[in-house]
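A.B. asks:
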Amino acid sequence: MSASLAPECNEVKEKYDTCFLKWYSESRSLAMTLVAELLNDLPEYLRGNSSTDECEPLFKQYRSCLTKALKDKGIDSMLAETREGTAETDAEHLRR
Numbered sequence: 012m013s014a015s016l017a018p019e020c021n022e023v024k025e026k027y028d029t030c031f032l033k034w035y036s037e038s039r040s041l042a043m044t045l046v047a048e049l050l051n052d053l054p055e056y057l058r059g060n061s062s063t064d065e066c067e068p069l070f071k072q073y074r075s076c077l078t079k080a081l082k083d084k085g086i087d088s089m090l091a092e093t094r095e096g097t098a099e100t101d102a103e104h105l106r107r
């Protein structure tokens with residue numbers, strides 16, 4: 012796993028990455044799902060025992076940490092300006 016853009020967010024990013032990779036590995040393959048179904052051993056989320064957003068709280072913590080770090084470093088305003096400057100270009104590409 013890679014480090015966060017903000018070192019102070021590394022711990023929560025690692026927790027989120029671990030959660031996401033676990034979820035992804037359990038759900039990535041239709042073949043695995045079909046075999047699991049035949050064996051009555053479906054991944055937790057397919058049995059209804061878990062949701063696909065089980066990692067969402069960790070993602071929100073990481074996003075909050077990263078947003079604060081970007082703001083503290085003054086990078087958030089540069090991102091906003093860049094997004095504003097490319098809004099028309101993005102809209103043009105979406106119309107195609």
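With the sequence shown counted from 1, adding 11 to any position gets you the working numbering. Beta carbons are placed, not taken as given, at the ideal position from N, Cα and C, and that holds for glycine.
Buried or exposed, going by whether 16 or more other CB atoms sit within 10 Å of the CB of Ser36?
C.D. replies: Here residue 36 refers to the residue found at position 25 when the sequence shown is read from its first residue. Ser36 should be labelled exposed.
A.B. asks: Can you tell me the Cα-Cα spacing of Pro18 and Leu81, whole angstroms?
C.D. replies: Position 7 of the sequence shown, counted from the first residue, corresponds to residue 18. Position 70 of the sequence shown, counted from the first residue, corresponds to residue 81. Going by the C-alpha atoms only, they are around 11 Å apart.
A.B. asks: Provide the residue span of the alpha helix (DSSP H) that contains Cys76, from first to last.
C.D. replies: As a first step, residue 76 is located in the sequence shown; it is residue number 65 there, counting from the start. Taken as a continuous stretch (DSSP letters only), the alpha helix (DSSP H) holding Cys76 covers 67–83.
A.B. asks: Between Ala14, Lys26, Ser15, which has its C-alpha nearest Pro68's C-alpha?
C.D. replies: For the purposes of this step, residue 68 is taken as the residue at position 57 of the sequence shown. Minimum Cα distance to Pro68 is reached at Lys26.
A.B. asks: What is the rounded straight-line gap between the Cα of Ser15 and the Cα of Asn21?
C.D. replies: Within the sequence shown, residue 15 is the residue found at index 4, counting from 1. Within the sequence shown, residue 21 is the residue found at index 10, counting from 1. Rounded to whole angstroms, Ser15 to Asn21 spans 5 Å at the Cα level.
A.B. asks: Residues in the same chain with beta-carbon distance under 7 Å from Cys66, minus the five sequence neighbours each way, listed in chain order, please.
C.D. replies: Walking along the sequence shown from the start, residue 66 turns up at place 55. So the qualifying residues of the chain are Tyr27, Cys30, Phe31, Trp34.
A.B. asks: Would you identify the three-state DSSP class for Asp28, choosing helix, strand or coil?
C.D. replies: Looking up residue 28 in the sequence shown gives position 17. Secondary structure at Asp28: helix, using DSSP grouped into helix, strand and coil.
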